[in-house]
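**Student:** I am attaching a structure below and will ask some questions about it afterwards.
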Amino acid sequence: MNRPGLESPSATLRWSVITIVALLAGVAVSVIPSLDRVWDVGGGAFEQRASQDARNDGYYEELLDATEARGAGGWLKGPTEIAPRDWIRLHETEGVIWDDPFHRFRLRPGADLYYKGVPLSVNLSGLRDRPVATDRPEGIRRVAMVGSSVLMGSGVEVDRTFENLLEDAIADGALGDRGTVELLNFGVAGYRLDQLADVVVTRLDAFGPDAVVLVINDLGLNPNWSRHIAWLVAEERDLRYGYIRDVVADAGIESGDPPRVMASRLRPHRDRVIEGAMRTAIEWCRKREVPLVLLALAQPSKSGTFVERLESVRPLLGELGLPVIDITDAFDGHPDPESMWLAPWDRHPDAEGHALMAEGLLKKLQSEPEMADLLFGEGPGSPTGVDDG
Numbered sequence: 014m015n016r017p018g019l020e021s022p023s024a025t026l027r028w029s030v031i032t033i034v035a036l037l038a039g040v041a042v043s044v045i046p047s048l049d050r051v052w053d054v055g056g057g058a059f060e061q062r063a064s065q066d067a068r069n070d071g072y073y074e075e076l077l078d079a080t081e082a083r084g085a086g087g088w089l090k091g092p093t094e095i096a097p098r099d100w101i102r103l104h105e106t107e108g109v110i111w112d113d114p115f116h117r118f119r120l121r122p123g124a125d126l127y128y129k130g131v132p133l134s135v136n137l138s139g140l141r142d143r144p145v146a147t148d149r150p151e152g153i154r155r156v157a158m159v160g161s162s163v164l165m166g167s168g169v170e171v172d173r174t175f176e177n178l179l180e181d182a183i184a185d186g187a188l189g190d191r192g193t194v195e196l197l198n199f200g201v202a203g204y205r206l207d208q209l210a211d212v213v214v215t216r217l218d219a220f221g222p223d224a225v226v227l228v229i230n231d232l233g234l235n236p237n238w239s240r241h242i243a244w245l246v247a248e249e250r251d252l253r254y255g256y257i258r259d260v261v262a263d264a265g266i267e268s269g270d271p272p273r274v275m276a277s278r279l280r281p282h283r284d285r286v287i288e289g290a291m292r293t294a295i296e297w298c299r300k301r302e303v304p305l306v307l308l309a310l311a312q313p314s315k316s317g318t319f320v321e322r323l324e325s326v327r328p329l330l331g332e333l334g335l336p337v338i339d340i341t342d343a344f345d346g347h348p349d350p351e352s353m354w355l356a357p358w359d360r361h362p363d364a365e366g367h368a369l370m371a372e373g374l375l376k377k378l379q380s381e382p383e384m385a386d387l388l389f390g391e392g393p394g395s396p397t398g399v400d401d402g
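Numbering (this note's numbering), first residue to last: 14 to 402.
So this is what it looks like as structure tokens:
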């Protein structure tokens with residue numbers, strides 16, 4: 014018989030178990046929100062790299078915007094990183110036409126709107142640039158620049174884009190006397206590499222360029238590089254090119270597949286798409302005896318992965334024989350590169366960033382006169398030209 018006031022060992026054990034369970038339940042209640050937040054912030058171990066890409070590079074969905082990054086990597090935006098409702102993407106504006114069977118949308122000729130805090134006007138030729146005649150005037154050297162949102166100048170006035178700043182510097186004699194040089198801006202926000210190659214093939218003939226610059230940034234190399242191909246498949250559009258059809262077939266994706274499934278299955282084929290796109294542009298230029306040069310640029314950031322990704326494809330670019338102008342270091346001397354973002358929620362470079370890119374590009378061309386000659390010709394007063402005066 015137990016002594017009065019004392020419990021049996023079995024009763025003590027039962028109360029101990031109940032106490033432990035209650036304590037664990039209390040801990041779980043307090044910890045679960047924290048665990049949920051940890052998962053939300055980290056996105057899970059298998060998505061940590063995607064989260065870092067979204068946070069550092071600001072790339073997800075169509076642009077450099079970080080407004081959709083939570084869906085990609087799960088990082089938790091701070092209050093200053095949440096875009097206001099009127100900060101929308103280009104394809105959500107009236108500045109585009111949805112009539113292109115391959116690109117889906119293109120810039121609307123003559124569009125004039127307010128976009129990302131500045132006026133955005135599209136000339137009658139459908140370019141985000143100064144007014145230009147489609148037919149090349151006599152005696153003018155034309156260089157077509159093909160790229161996405163950074164080239165287009167998202168959030169920067171047209172006269173302050175790095176493309177027009179470079180054009181002005183050339184006109185002022187920064188590369189010697191090159192005669193009249195026109196740089197044409199074929200940049201469209203959100204376009205991937207397969208689209209850039211198609212712009213070369215389908216749009217440039219009408220403008221008769223003497224050289225082509227293909228502008229590459231992280232939009233073509235980051236984990237969301239396949240966004241456009243996924244849309245083509247989802248909307249059952251014509252894939253147009255053999256290399257895209259082959260990749261889609263090998264990836265085994267279909268129109269009903271979820272976007273993340275498509276991205277996952279396409280991921281191993283990135284370099285095949287890069288090679289196919291580059292060969293498409295190379296072939297167009299070769300037939301017309303027009304030089305093709307790649308311009309690699311990054312966004313202003315204290316950290317990022319674009320340089321690493323660029324290095325991973327350099328062997329491929331070398332095999333293709335493509336000359337590369339690398340200005341990914343354009344922001345290196347700035348004390349706070351991220352102060353040149355358009356906004357805390359938008360990593361596109363502002364006007365100061367474009368000025369630094371133009372300066373970096375000009376310095377590269379001045380230090381590599383053969384590259385300048387390749388693009389802009391050997392004018393009578395150019396560093397390698399002959400001046401009889």
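Idealized CB from N, CA, C, for every residue including glycine.
Can you name, in chain order, every residue of its own chain whose Cβ lies under 8 Å from the Cβ of Arg292, other than the five neighbours on each side?
**Tutor:** Excluding positions up to five away in sequence, the list reads Tyr256 and Leu333.
**Student:** Between Met347 and Gly166, is the Cβ-Cβ spacing less than 8 Å?
**Tutor:** In the sequence as presented, Met is not what sits at residue 347; that position holds His. The answer is no: Cβ separation not under 8 Å.
**Student:** By the 10 Å Cβ neighbour count, where 16 or more other Cβ atoms means buried, how is Tyr73 classified, buried or exposed?
**Tutor:** Any reading at Tyr73 must be qualified, since the residue scores a pLDDT of 37, below 50, and its modelled position is unreliable; the value itself is stated next. By the 10 Å Cβ count, Tyr73 comes out buried.
**Student:** Please report the straight-line C-alpha distance between Ser314 and Val109, rounded to a whole angstrom.
**Tutor:** One C-alpha to the other measures close to 29 Å.
**Student:** Output the boundary residues of the alpha helix (DSSP H) element that contains Val194.
**Tutor:** Run containing Val194: none in the alpha helix (DSSP H); it sits in the beta strand (DSSP E), Thr193 to Asn198.
**Student:** In the structure shown, what three-state DSSP assignment does Phe389 receive?
**Tutor:** Looking at Phe389 - three-state DSSP - the assignment turns out to be helix.
**Student:** Is the separation between the beta-carbon of Met275 and that of Ser325 shorter than 8 Å?
**Tutor:** Against a cut-off of 8 Å, the Cβ pair of Ser325 and Met275 comes out as no contact.
**Student:** Here's the rule I'm using: 16 or more other beta-carbon atoms within 10 Å means buried, otherwise exposed. How should Asp359 be labelled?
**Tutor:** Counting Cβ neighbours within 10 Å, Asp359 comes out buried, since at least 16 surround it.
**Student:** Helix, strand or coil for Ile257, going by three-state DSSP, please let me know.
**Tutor:** Ile257 falls in the helix class under three-state DSSP.
**Student:** With 16 other CB atoms within 10 Å as the buried threshold, where does Gly265 fall?
**Tutor:** So Gly265 counts as exposed.
**Student:** Quick one: using the 10 Å Cβ neighbour count with 16 as the cut-off for buried, is Gly123 buried or exposed?
**Tutor:** Label assigned to Gly123: exposed.
**Student:** State the CB to CB distance for the pair Met158 and Val212, rounded to an integer number of angstroms; the pair is presumed to be in contact (CB under 8 Å).
**Tutor:** The pair is not a contact, with the Cβ atoms about 10 Å apart (cut-off 8 Å).
**Student:** Excluding sequence positions up to five away, which residues of its chain have a Cβ less than 6 Å from the Cβ of Glu195?
**Tutor:** For Glu195, where only same-chain residues beyond five positions count, the Cβ hits under 6 Å are Ile153 and Arg155.
**Student:** With a Cβ-Cβ cutoff of 8 Å, do Val286 and Asp207 count as a contact?
**Tutor:** Yes, the Cβ-Cβ distance between Val286 and Asp207 is below 8 Å.
**Student:** Any idea which residues DSSP pairs Ser134 with across the strands?
**Tutor:** DSSP, once it has assigned bridges, lists Asp125 as partnering Ser134.
**Student:** As an exercise, report each continuous beta strand (DSSP E) stretch of at least 3 residues that is fully enclosed by the segment 270-349, in chain order.
**Tutor:** Complete beta strand (DSSP E) runs here, min 3: 305-309 and 337-339.
**Student:** Which residues share a DSSP beta bridge with Arg149?
**Tutor:** Answer is none; Arg149 lacks a bridge partner.
**Student:** According to DSSP, is Gly189 helix, strand or coil?
**Tutor:** Three-state DSSP puts Gly189 in a strand.
**Student:** Let me confirm a value: Val54 is counted as buried when at least 16 other C-beta atoms fall within 10 Å, else exposed. Which label applies?
**Tutor:** For Val54, the pLDDT reaches just 37, beneath the cut-off of 50, and the residue's location in the model is therefore unreliable, although a value from the coordinates is still provided. When all chains shown are included, Val54 counts as exposed.
**Student:** Below 8 Å on the Cβ atoms is my guess for Arg120 versus Gly139; work out the distance and round it to an integer in Å.
**Tutor:** It is worth fixing the name first, because residue 120 is Leu in this sequence and not Arg. Indeed they touch by this definition, with Cβ atoms about 5 Å apart.
**Student:** Is it buried or exposed for Pro271, if we count other Cβ within 10 angstroms and need 16 for buried?
**Tutor:** Flag for Pro271 reads exposed.
**Student:** Once the 5 residues before and after Asp284 are set aside, which same chain residues still bring their CB inside 7 Å of it?
**Tutor:** Same-chain partners within the cutoff: Val326 and Leu329.
**Student:** Can you have a look at Gly317 and say buried or exposed, based on whether 16 or more other CB atoms are within 10 angstroms of its CB?
**Tutor:** By the neighbour-count rule (16 or more Cβ atoms within 10 Å), Gly317 is buried.
**Student:** What does a CB cutoff of less than 6 Å around Met353 pick up in its chain, not counting 5 residues either side in sequence?
**Tutor:** Taken in chain order, the residues that qualify are Pro313, Pro362, Asp363, Glu365 and Gly366.
**Student:** With DSSP collapsed to three states, give me the class of Arg140.
**Tutor:** The residue asked about is misnamed: residue 140 is Leu in this sequence, not Arg. In the structure shown, Leu140 sits in coil (DSSP, three-state: anything other than H, G, I, E or B).
**Student:** Of the residues His116, Gly233 and Tyr128, which one's Cα is nearest the Cα of Glu105?
**Tutor:** Taking only the C-alpha atoms, the option nearest Glu105 is Tyr128.
**Student:** Within the same chain, show all residues whose beta-carbon is closer than 8 Å to that of Glu288, passing over the 5 residues directly before and after it, in chain order.
**Tutor:** So the list reads Tyr256, Leu329 and Leu333, once near-sequence residues are dropped.
**Student:** With distance defined between alpha-carbon atoms, name the residue in Phe175, Asp251 and Trp297 nearest to Asp218.
**Tutor:** Asp218 has its Cα closest to that of Trp297, out of Phe175, Asp251 and Trp297.
**Student:** Are Gly168 and Val131 touching if we call contact CB-CB under 8 Å?
**Tutor:** It is a contact, given that the beta carbons lie within the stated cut-off.
**Student:** When we look at the beta-carbon of Arg273 and count the other beta-carbons within 10 Å, is it buried (16 or more) or exposed?
**Tutor:** Answer is exposed; the Cβ neighbour count stays below 16.
**Student:** Under 8 Å, do Ile429 and Leu307 count as touching if we go by C-beta distance?
**Tutor:** Past the boundaries of the shown model lies residue 429; the chain is included only from 14 to 402, so the question cannot be answered.
**Student:** Could you please give the first and the last residue of the uninterrupted alpha helix (DSSP H) stretch that includes Arg216?
**Tutor:** Residues Leu206 to Arg216.
**Student:** Is the beta carbon of Ile242 sitting closer than 8 Å to the one on Leu209?
**Tutor:** For Ile242 and Leu209, no; Cβs fall outside 8 Å.
**Student:** Please determine, among Glu372, Pro357 and Pro336, the residue with the shortest C-alpha to C-alpha distance to Asp345.
**Tutor:** When each option's Cα is compared against that of Asp345, the closest is Glu372.
**Student:** Among Gly203, Glu249, Arg250 and Leu245, which residue has its Cα nearest to the Cα of Asn235?
**Tutor:** Per the Cα distances, Gly203.
**Student:** Helix, strand or coil for Gly56 per DSSP?
**Tutor:** Unreliable positioning characterises Gly56 in this predicted model, as indicated by a pLDDT of 40, which lies under 50. A coordinate reading is not provided.
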